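Engineer: Residue numbers (my numbering): 435 to 517.
Just so you know, even glycine gets a beta-carbon here, dropped at the ideal spot from N, CA and C.
These numbers were taken from a predicted model, which means no experiment stands behind them.
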């Protein structure tokens, strides 16, 4: 990213691991300070409040799935959510 290009620097954190290990629960617990009793199998991208970090850097946490075909489902969700 070049200086003056108008883009805001940001950080993306990808949470990856084996199935049923609590990746989604970890994201929810970290963002809400509560451990969830029910959580979606794969979360949509989660944006953290910018004011929590020096320089107001936007942080987005990306959840992943170990299931085959889940990537296509999340890609479809991102297209839908962007509208």
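1) If I follow the unbroken beta strand (DSSP E) through residue 449, where does it start and stop?
2) At which residues does the alpha helix (DSSP H) containing residue 460 begin and terminate?
3) Just the C-alpha distance for residue 475 and residue 482, rounded to the nearest angstrom, thanks.
4) Can the beta-carbon of residue 490 be found closer than 7 Å to that of residue 457?
5) Identify the continuous beta strand (DSSP E) that holds residue 497 and give its terminal residues.
Structural biologist: Working from what's here:
1) 445-449
2) 457-466
3) 20 Å
4) Not in contact: residue 490 and residue 457 (Cβ atoms no closer than 7 Å).
5) Where residue 497 is concerned, the enclosing beta strand (DSSP E) stretches over 493-497.
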